[in-house]
Every structure is written in C-alpha cells, then in structure tokens.
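In the numbering used here, the protein residues as written are 306 to 478.
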Amino acid sequence: MTAHRIESCDVWELSRRRGSLQGQLALEDAPRLAEQLADTAGALSYRFVGLQDELGRPAAALEVTGRVLARCDNCGGPVEVPIDERASFYFVADEGELRNLPIDESSEEPLLGSVRFDVASLVEEQALLALPISPRHEHCAGAAPAAASQEPAGQTHRPFEALAALSKPRGGR
Ligand SMILES: [Zn+2]
306 MTAHRIESCD
316 VWELSRRRGS
326 LQGQLALEDA
336 PRLAEQLADT
346 AGALSYRFVG
356 LQDELGRPAA
366 ALEVTGRVLA
376 RCDNCGGPVE
386 VPIDERASFY
396 FVADEGELRN
406 LPIDESSEEP
416 LLGSVRFDVA
426 SLVEEQALLA
436 LPISPRHEHC
446 AGAAPAAASQ
456 EPAGQTHRPF
466 EALAALSKPR
476 GGR
C-alpha cells in the first residue's frame with residue numbers, strides 16, 4: 306500500500322526552499338472525514354507546495370484529489386463524490402496575529418504556521434469542504450429497505466393496531 310501516515314512539516318522551511326510534499330492520506334486516518342462516509346477504504350492524494358505569495362509571505366498551495374463514497378441523504382446508500390480541490394494559504398507566526406488580520410479579499414486563507422504543521426489535518430479539512438452538504442444519488446432509487454415502512458396497498462392506516470402488534474411479546478422458540 307502507498308497510503309501512510311503523513312509526517313508533520315516545517316512550513317517556513319517548505320516555503321523558503323519552495324519545496325513540495327506529496328503523498329496519500331488514507332481515509333481511515335481521517336476520522337472527521339470518515340464519519341461522513343459510507344466506506345473508508347481508499348485514500349486521497351495530496352500535493353502541498355511551499356511558496357512565497359505576491360506580498361512575500363510564506364505561503365503554500367494545496368491540491369487534494371481522489372474519490373470518496375459519501376452517504377446518500379435519501380436512501381443511505383453510497384454516493385461517489387469526486388474530490389478535486391485546490392486552495393492557497395499563507396502562514397502567520399502566532400495566534401494573535403491570526404486573530405487581528407484585517408479581512409482581505411484575496412483567495413488565500415491565513416493559517417497558523419508551524420515547524421510541525423499538521424498537513425494531514427489540512428488535507429482532511431479540504432476534503433470535508435468538498436463534500437456536498439446533502440449528498441444524494443442523481444437518480445435515487447428511494448429509501449433503503451431498512452428504512453422502508455410500506456403498508457400493503459388498500460389497507461387502512463391503524464397506527465394503534467400496529468403499536469399493539471409491536472408490543473406483543475414474541476411467542477415461540
Ligand atoms: Zn440514494
């Protein structure tokens with residue numbers, strides 16, 4: 306397997322030497338993402354490239370690609386979601402600086418830089434952003450058998466009878 310745990314990285318160093326880091330994040334190693342998925346087999350590919358932005362700030366570009374199986378909101382079955390995300394970030398040195406940043410209109414997002422920056426978390430976050438809020442099959446076949454509660458056609462709806470039937474002790478065996 307090519308998937309492995311991502312090491313932390315020094316973003317200052319990465320940016321200075323314009324280095325890049327690439328690899329795979331196993332879905333199993335991304336718990337917040339895995340929670341949203343129907344299947345956690347597989348991995349996402351990422352590329353994290355250090356650079357300096359137009360303002361000379363230490364920055365990085367992230368690319369996350371792959372496919373995940375989300376859960377259909379309608380039937381609960383797996384829905385394939387392609388992930389193809391790109392994002393730009395720049396790094397600040399401390400949290401105070403991060404809090405006091407003026408809102409700027411650039412597409413870059415400020416992040417707290419670190420010598421042990423957690424790339425895996427950032428990859429996971431990016432993939433979470435790519436998931437639809439309410440994933441659904443394009444042509445959904447409907448409710449899953451477990452959730453279906455169809456009454457036989459023509460039968461009158463008698464909720465209390467159904468309740469009584471449910472509360473009867475199970476006989477036999
Ligand atoms: Zn569905």
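Virtual Cβ for every residue (Gly too), placed ideally from N, Cα, C.
Checklist entry - Who's in the neighbourhood of ligand 1, going by beta-carbon under 7 angstroms from any heavy atom, listed in chain order? => result C377, N379, C380, G382, V384, R441, H442, C445 and A446
Quick check for students: name the residue ranges of the beta strand (DSSP E) that lie wholly in the region 368 to 398, counting only runs of 3 or more. 383 to 397
ask   = What's the gap between the Cα of Q357 and the Cα of L319?
value = 10 angstroms
By the DSSP assignment, the beta strand (DSSP E) with L427 in it spans what residues?
Run containing L427: none in the beta strand (DSSP E); it sits in the alpha helix (DSSP H), V424 to A435.
Practice problem: Identify every residue that forms a DSSP beta bridge with V354. | Solution: S325 and A366
What are the residues that DSSP puts in a beta bridge with L349? L330
Taking DSSP as the reference, what is the three-state secondary structure of A339?
helix
TODO: Alpha carbon to alpha carbon, how far is V384 from L330? Give it in angstroms, no decimals.
DONE: 20 angstroms
Return the first residue and the last residue of the alpha helix (DSSP H) that L403 is part of.
If you look at L403, you'll find it in the alpha helix (DSSP H) that goes E400 to R404.
* For Q431 and L367, believed in contact at Cβ under 8 angstroms, the rounded distance -> Confirmed, Cβ separation roughly 6 angstroms.
| Short check: CB of A348 to CB of G371, under 8 angstroms? | yes
### Query
For A445, which beta-bridge partners are listed by DSSP?
Rather than Ala, the amino acid found at residue 445 in this sequence is Cys. Per DSSP, none; premise fails for C445.
Exercise for review: Please go through the same chain and pick out, in chain order, the residues whose beta-carbon is closer than 7 angstroms to the beta-carbon of L403, but skip the five residues on each side of it.
Suggested key: V397, P415 and L417
Taking DSSP as the reference, what is the three-state secondary structure of L416? strand
Q. Would G355 be called buried (16 or more neighbouring beta carbons within 10 Å of its own) or exposed?
A. buried
Item checked: According to DSSP, residues forming a beta bridge with D344 -> Paired residues: L374.
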